[in-house]
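What follows is one structure encoded as C-alpha cells, with my remarks underneath.
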Amino acid sequence: MREYNEELLGAPEAKGDSGAEVDYDQPPYSLLNAALADSSLRVWCLGMALEPLNLAVCLMTVAVFQAATFDTIFAEAVERNEEGVVVSGPRSNGTITGLPLDDASVSALPVSRMSSPAAGLLQLALRHREVLLSDPDQLPGEIRL
-1 MREYNEELLG APEAKGDSGA EVDYDQPPYS LLNAALADSS LRVWCLGMAL
49 EPLNLAVCLM TVAVFQAATF DTIFAEAVER NEEGVVVSGP RSNGTITGLP
99 LDDASVSALP VSRMSSPAAG LLQLALRHRE VLLSDPDQLP GEIRL
C-alpha cells in the first residue's frame, strides 16, 4: 500500500521512524483496504526471488484491480515521482489508465528499467493470467500456480 501511495500518488517515502507517518484509516490506505474487503482488489503472491545484483530477496506479488476501483483510488496519479516517470496506460484529463495484463502491454514495458525478478514476475503473471483475472466467486478454495 505504501508503495502504491509513494510511486503512483507521489507521497513522500515512508521509512519507519525517519519517514512520513502512515495513517491506514485515511485514503488511499482506507480505499485499498475497502477494495481488498469487497474483492475489487485481489493480491496474489507468486513466490520469492533473489535480486542477483544486490542479493535482495523480493516477494513477488500481483495486484489485480477492477477498473473502476483503480480509477477511483489513482484518480490523482502523478506522471513523475522521485524515481522517474510513472509507466501507465494513456491519460485522459490527467487521469491515469492502468495497463491490461496482456502480452502487448508487458512487451511494451521498458525492460532496461526492470529488475530480473520483476521481469520474471510479469512472465509468471502472464502464464497464470486466466486465474489472476477470474471471477473470485468461481475460484476453488485452494489454488497452486
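Residue -1 is where the sequence shown starts when you use this note's numbering, and the numbers rise one by one after that.
Beta carbons: idealized from backbone N, C-alpha and C, even for Gly.
query: Pairwise C-alpha distance: A65 and G96; result: 8 Å
query: Helix, strand or coil at A47 [DSSP, three-state]; result: strand
query: Beta strand (DSSP E) runs wholly inside the region 53 to 130, at least 3 long, in chain order; result: 54 to 63
query: N- and C-terminal bounds of the alpha helix (DSSP H) containing A9; result: Neither: A9 is in no alpha helix (DSSP H) and is coded neither H nor E.
query: Neighbourhood of G45 by C-beta, 7 Å cutoff - its chain only, sequence neighbours within 5 removed; result: M58
query: Delimiting residues of the alpha helix (DSSP H) encompassing Y27; result: Y27 to A35
query: Alpha carbon of E80 to alpha carbon of R127, nearest angstrom; result: 31 Å
query: Neighbourhood of C43 by C-beta distance below 6 Å, restricted to the same chain and skipping five residues each side; result: T59
query: CA-to-CA distance, P115 to P50, given in whole angstroms; result: 9 Å
query: Through-space distance from Q136 to V76, alpha-carbon basis; result: 35 Å
query: Beta-carbon gap between A61 and V41 smaller than 8 Å; result: yes
query: With 16 other Cβ atoms within 10 Å as the buried cut-off, status of N52; result: exposed
query: Through-space distance from P10 to E19, alpha-carbon basis; result: 9 Å
query: Residues that DSSP places opposite V20 in a beta bridge; result: Answer is none; V20 lacks a bridge partner.
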